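Novice: Chains as they are written, first to last, in the working numbering: chain A, 66 to 607; chain B, 66 to 607. Quick one: this structure, given as structure tokens, is what I'll be asking you about.
2 protein chains.
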Amino acid sequence: MTKTSAQRTRRLGGWGFEGAAFSPPTPMLTWLEERLGPSEPFPSFDPATAEIPAAEPLPDLGSAPLSTDDLDRLAHSRGQSLIDLIRLRSGTVSATPAAVARPANDQELEDLLRAADRHGLRIVPFGGGTSVTGGVTVVPDDRPVVTASLEGLAGLHHLDEVSGLATLGAGTRGPALEAALGAHGFTLGHFPQSFELSTLGGWIVTHSSGQESLGHGRIESMVAGLDLVAPAGRLSIPALPASAAGPDLRQWITGSEGRFGIITKATMRVRRRAETLRVEAALARTWRQGVDTVRTLTRAHGSGRIPLCLLRLSDGPETEVALTVGLAKSRFEGLTRKYLGLRGVDRGCLLLVGAKGSPWDVDRSLEQAKILATERGVVWLGAGPGRNWSHDRFRHPYLRDGLLDRGYATDTLETAAPWSKVDTVYRAVRDALGDLPVLCHLSHPYGDGVSLYFTFFFRCPTDPDEAAALWAGHKRKAQNAIAETGAATSHHHGVGFWHAPWAPTEWGELGTDMLRGVAERLDPNGILNPHVLLDPTDRLEL
Amino acid sequence: MTKTSAQRTRRLGGWGFEGAAFSPPTPMLTWLEERLGPSEPFPSFDPATAEIPAAEPLPDLGSAPLSTDDLDRLAHSRGQSLIDLIRLRSGTVSATPAAVARPANDQELEDLLRAADRHGLRIVPFGGGTSVTGGVTVVPDDRPVVTASLEGLAGLHHLDEVSGLATLGAGTRGPALEAALGAHGFTLGHFPQSFELSTLGGWIVTHSSGQESLGHGRIESMVAGLDLVAPAGRLSIPALPASAAGPDLRQWITGSEGRFGIITKATMRVRRRAETLRVEAALARTWRQGVDTVRTLTRAHGSGRIPLCLLRLSDGPETEVALTVGLAKSRFEGLTRKYLGLRGVDRGCLLLVGAKGSPWDVDRSLEQAKILATERGVVWLGAGPGRNWSHDRFRHPYLRDGLLDRGYATDTLETAAPWSKVDTVYRAVRDALGDLPVLCHLSHPYGDGVSLYFTFFFRCPTDPDEAAALWAGHKRKAQNAIAETGAATSHHHGVGFWHAPWAPTEWGELGTDMLRGVAERLDPNGILNPHVLLDPTDRLEL
């Protein structure tokens with residue numbers, strides 16, 4: 066039995082839980098050393114020696130329990146991006162909250178916000194703390210910051226089995242959420258890579274997209290209703306399948322990153338659990354062939370001809386890492402030989418195709434997908450590599466820590482673009498990152514476009530400021546390149562403060578003004594997460 | 066060949082085009098007379114005798130052509146609701162625009178808005194003019210009103226065949242839109258009952274839902290990008306398949322009913338045309354059996370097992386009208402005898418099931434649907450009655466005019482609710498309408514709920530004020546009943562000024578304030594359609 070997350074200890078300065086790890090395999094380290102040269106281990110955090118800024122004194126903030134414990138404050142000072150790890154591991158976190166509040170219900174949260182508003186404090190909402198865009202980072206400020214942990218607002222409140230609607234606390238983490246629904250035979254079907262740690266509320270306010278988004282949709286399509294507490298009051302949007310009563314306020318809150326208010330609970334569209342999920346693998350001979358196949362399969366899915374839940378296409382470099390030097394070497398070895406022997410496939414692109422349903426439905430879908438893909442020249446590999454993906458689907462974030470231990474840093478970039486722009490965006494990001502090793506995959510396909518997800522590596526200086534500056538330089542170049550192509554600022558990581566300098570290029574001046582208009586109505590004094598979304602200051606190196 | 070809408074003359078004070086009609090069949094009139102008693106014909110409009118308020122003098126409003134022709138102004142004073150027909154037919158329209166502007170491009174529209182803003186005029190945007198909620202009605206005002214017809218902003222601007230994205234002018238009407246896309250083998254798939262007259266921009270700002278929404282989705286799910294002109298400036302939201310850059314501004318504009326700005330063009334997600342659309346009919350023995358079958362079929366569709374594009378379930382009274390006294394008597398007569406002979410089905414509920422795709426796919430979907438439905442005790446009738454539906458799908462609005470000619474008024478009410486509340490809402494609306502003949506169907510099903518669509522009839526007094534007051538009394542009772550159940554204020558008719566007194570019960574105080582916040586940013590002086598959406602004054606009798 067896996068221990069529940071509540072019983073396990075979160076790792077400070079690294080992903081996940083104490084005792085869990087995913088070390089980079091030797092061939093991967095060799096591959097990095099060949100490309101980046103040898104490196105020095107990046108410092109590893111020792112909480113005992115960390116210099117933690119003293120807690121500022123706070124006025125009475127109502128009834129929510131407050132913690133001023135040093136390590137608790139440190140653990141709530143940052144999210145889980147590369148730069149967060151660098152700062153935490155090196156003991157160079159520049160600000161911590163004055164306290165961590167843990168409201169047990171909506172009323173306690175409302176009291177907290179009112180008191181903070183009255184006393185001129187800042188509030189940073191904290192769900193799973195897995196933001197990779199600075200969404201929960203405490204930014205040095207002239208006012209004390211209180212982090213509001215939502216862990217007390219968790220659990221299944223109500224399940225309407227007839228309608229397939231589940232009302233859940235915003236602080237409910239992935240595993241607890243699926244366990245609670247699973248006990249009744251239901252699933253939300255939302256499985257982002259951060260699933261083990263991230264929360265329902267965090268998913269909703271960042272436009273999260275799960276690995277099975279092709280089948281289940283993005284998180285915002287699952288929100289039927291929600292409750293929000295803001296400094297200006299409470300908002301309760303009823304659970305409705307659809308409404309023509311003006312603009313859909315649900316979609317004004319999804320993606321708002323705690324800047325408009327804090328979601329306390331949401332009523333989600335859930336489904337009966339499927340009996341089977343199966344992911345099979347194939348190999349496209351070229352990127353072009355792979356992209357065309359993914360687009361064609363996505364449309365066959367969209368028209369109902371081939372129901373799928375997952376499509377993912379790795380480019381040549383990512384395929385090379387996955388099949389020959391990477392994480393799955395042993396599982397792929399036989400297949401590697403098989404595919405390398407095929408004419409013209411030695412620079413192939415790995416394609417994963419997933420379907421969910423009854424065993425009969427899954428067989429039929431994958432059989433149809435196979436016919437359609439092989440007609441296009443794709444080589445079908447079968448279920449083996451897919452099992453590998455299923456096994457590792459939530460483990461990859463652990464790998465970053467092991468790489469830093471060896472002196473290599475890795476970060477990801479993601480965007481989305483119409484199908485006709487995929488090649489332009491692909492080239493632009495690769496060009497921007499110059500000689501760095503870069504892997505890319507397409508995932509989360511839509512009828513009109515797809516997400517592009519890039520992973521890049523660099524040798525990490527042992528000096529944390531130098532490391533931060535080096536990373537920020539890469540990030541700026543890549544993000545500028547994305548903005549120049551007109552692609553999305555982010556597909557599912559959100560804005561946080563990282564992307565806040567770029568997001569206005571997507572909104573335009575008037576769009577930015579619309580967002581400000583609502584922020585000012587819900588939070589007139591700007592106490593809620595004031596540096597995310599609407600503050601365009603470049604703070605990448607923080 | 067059908068003449069294109071551009072070559073035909075719109076009827077004033079009635080639906081559609083001169084020369085087209087759909088007279089109520091004799092059995093239907095008998096059915097109404099039995100229930101409501103005999104009636105007197107409602108006055109029929111004679112434009113020559115109509116008292117049209119004189120055009121107010123206007124300042125220079127930029128370069129858009131302005132028409133001050135009396136009949137042109139009258140034709141742009143109201144939409145197409147029952148009350149609009151009553152006012153137009155009786156010559157009791159209380160206000161007309163001072164002029165009708167016809168901007169030919171975005172710049173002319175922008176100039177018009179700026180001039181109106183400067184001179185303190187009101188602007189009412191006018192697409193197809195088919196609003197049934199007062200969305201284009203000129204409300205008596207202390208400032209002159211200019212109606213901005215969008216007919217000049219029409220047509221296909223760009224088609225990205227690779228991405229399946231079509232950029233179209235907001236003033237493009239249904240038939241022109243499908244013809245332009247059809248020439249390239251594409252379709253938007255949006256077929257509301259108003260299809261012949263309504264426009265893309267109108268669909269987007271009212272959350273329109275087409276008859277095939279189960280397959281194609283609601284209009285807002287098809288909007289990839291859009292351009293808006295507002296008094297505060299222009300907003301251009303890029304066409305993206307998805308983005309996590311903050312709240313989705315597309316969804317801030319969809320449903321905004323011209324209150325925030327005027328959409329000039331939109332980039333829509335389009336698909337390859339399907340070869341076949343087929344609608345088959347079945348008969349559920351009871352309402353309960355029918356509702357359960359629709360829900361089960363919707364979920365089989367949602368999981369990809371049975372792809373469908375349409376599901377519609379009539380209640381007993383609507384089935385009775387359709388099969389025995391109504392529009393389709395002759396086509397149904399054989400079937401009627403067949404079904405009446407079946408034990409327990411003499412008070413059955415007509416179910417329509419539609420699928421789209423290749424003939425093979427359609428056969429398979431309907432065969433699967435039939436198996437699933439008949440397992441539940443539903444009697445499958447086959448394709449005949451479905452053909453009837455296809456033939457009449459856009460003709461029903463003409464019927465209202467013919468009924469008024471005989472002194473009977475009919476109006477519709479629509480809402481949406483979670484599946485678990487369907488019976489509560491159904492009963493509440495029926496109870497609110499008391500002894501009136503009421504028909505109901507479920508359509509536009511979702512995983513978590515469905516739309517309920519009611520048609521009611523009353524004997525129409527020949528005095529227009531009396532008729533308006535009688536109608537408004539019924540409407541208020543029904544809308545109060547809907548609000549009390551917590552169901553949607555409207556599923557796809559929008560808010561206009563009709564529903565503006567009820568919509569805040571759905572938004573709450575804070576939600577209403579959010580909408581106001583954006584309206585004030587985009588239109589600081591409140592010149593755009595100021596009485597829709599956010600003005601809760603009850604003007605039903607206007």
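A virtual CB, placed ideally from N, CA and C, is assigned to each residue, including glycine. Values in this document were obtained by computation on a predicted structure and should not be read as measured data.
#1: To which residues does DSSP link GLY419/B through a beta bridge?
#2: In the DSSP assignment, find the unbroken alpha helix (DSSP H) run with VAL672/B in it and report its ends.
#3: Short of 6 Å in beta carbon distance, which residues of its chain neighbour TRP484/B, apart from the five on each side in sequence? Order them along the chain.
#4: For a contact meaning CB atoms closer than 7 Å, what does PRO462/B contact in chain A?
#5: Could you confirm whether any beta carbon from chain A is found closer than 7 Å to the beta carbon of ASN590/B?
#6: Compute the beta-carbon to beta-carbon distance between PRO168/B and LEU177/B, rounded to the nearest angstrom, for a pair I have assumed lies under 8 Å.
#7: Return the residue from the list HIS509/B, ALA244/B, HIS539/B, PHE107/B that minimises the CA-CA distance to SER274/B.
#8: In chain A, what lies closer than 9 Å to ARG377/B by C-beta?
#9: Beta strand (DSSP E) containing HIS222/A: first to last residue?
#10: Counting only C-beta atoms, is PRO257/B closer than 7 Å to chain A at any point?
#11: Kindly indicate if chain B contains any beta-carbon less than 7 Å away from that of TRP484/A.
#12: Output, in sequence order along the chain, the residues in the region 281-294 of chain B whose CB is closer than 9 Å to any CB in chain A.
#13: What separation, rounded to the nearest whole angstrom, lies between the Cα atoms of ASP600/A and ARG299/B?
#14: What number of angstroms, rounded off, separates the C-alpha of TYR511/A from the C-alpha of GLY311/B?
#15: Mind listing the chain A neighbours of VAL560/B? Cutoff is C-beta to C-beta under 8 Å, in chain order.
#16: Listed from N- to C-terminal order along the chain, which residues in the region 239-258 of chain A have their beta-carbon within a distance smaller than 8 Å of any beta-carbon of chain B?
#17: For PRO462/B, which three-state DSSP category applies?
#18: Is there a C-beta anywhere in chain B that falls below 7 Å from the one on HIS223/A?
#19: In whole angstroms, give me the CA-to-CA distance for LEU262/B and SER516/A.
#20: Shortest alpha-carbon distance to ASP357/A belongs to which of PHE251/A, ALA438/A, SER259/A, ALA537/A?
#21: Name the residue from ARG441/A, VAL210/A, GLU385/A, LEU147/A whose alpha carbon lies nearest to the alpha carbon of GLY180/A.
#22: Could you confirm whether any beta carbon from chain B is found closer than 7 Å to the beta carbon of VAL344/A?
#23: Give the range of the alpha helix (DSSP H) segment to which SER430/B is assigned.
#24: Buried or exposed: which applies to TRP425/B, given that a residue is buried once 16 or more other Cβ atoms fall within 10 Å of its Cβ?
#25: What residues in the region 261-272 of chain A bring their beta carbon closer than 8 Å to a beta carbon of chain B?
#26: Output the boundary residues of the beta strand (DSSP E) element that contains PRO49/A.
#27: Terminal residues of the continuous alpha helix (DSSP H) containing PRO487/B?
#28: For ILE328/A, count the other beta carbons within 10 Å of its own beta carbon; 16 or more makes it buried, fewer makes it exposed. Which is it?
#29: In terms of alpha-carbon separation, which member of SER430/B, TYR473/B, CYS505/B, PRO529/B lies closest to PHE523/B?
#30: For THR198/B and TRP563/B, which I take to be in contact (beta-carbon distance under 8 Å), what is that distance rounded to the nearest angstrom?
#31: Buried or exposed: which applies to HIS223/B, given that a residue is buried once 16 or more other Cβ atoms fall within 10 Å of its Cβ?
#32: Taking its Cβ as the centre, do 16 or more other Cβ atoms sit within 10 Å of PRO205/A, making it buried, or is it exposed?
#33: Which same chain residues end up closer than 7 Å to HIS556/A when comparing Cβ atoms and leaving out the 5 residues on each side of it in sequence?
#34: Output the distance between the C-alpha atoms of LEU147/B and GLU574/B, rounded to the nearest integer angstrom.
#35: Since GLY247/A is in the alpha helix (DSSP H), which residue starts that stretch and which ends it?
#36: Hey, how far is the Cα of THR74/B from the Cα of GLU83/B?
Specialist: On the basis of the coordinates in this document:
#1: VAL344/B, LEU375/B
#2: Because chain B spans 66 through 607 in this model, residue 672/B falls outside it and cannot be assessed.
#3: ARG360, GLY514
#4: Neighbours of PRO462/B on chain A: none; closest Cβ ~18 Å, over 7 Å.
#5: no
#6: 6 Å
#7: HIS509/B
#8: Chain A residues near ARG377/B: none, gap ~16 Å exceeds 9 Å.
#9: 221-225
#10: no
#11: yes
#12: ARG283, GLU285, SER286, ALA289, LEU293
#13: 22 Å
#14: 19 Å
#15: ALA309, ALA310, GLY311
#16: none
#17: helix
#18: no
#19: 37 Å
#20: ALA438/A
#21: The sequence shown places Ala at residue 180/A, rather than the Gly named in the question. Checked all of ARG441/A, VAL210/A, GLU385/A, LEU147/A; the closest Cα to ALA180/A is VAL210/A.
#22: no
#23: 424-440
#24: exposed
#25: THR271, HIS272
#26: Because chain A here runs from 66 to 607, residue 49/A falls outside it and cannot be looked at.
#27: Residue identity check: residue 487/B is Val in the sequence provided, not Pro. Looking at the DSSP string, the run of the alpha helix (DSSP H) that includes VAL487/B is 487-497.
#28: buried
#29: TYR473/B
#30: 4 Å
#31: exposed
#32: exposed
#33: SER274, GLU479, THR480, ALA481, HIS509, SER516
#34: 31 Å
#35: 239-247
#36: 6 Å
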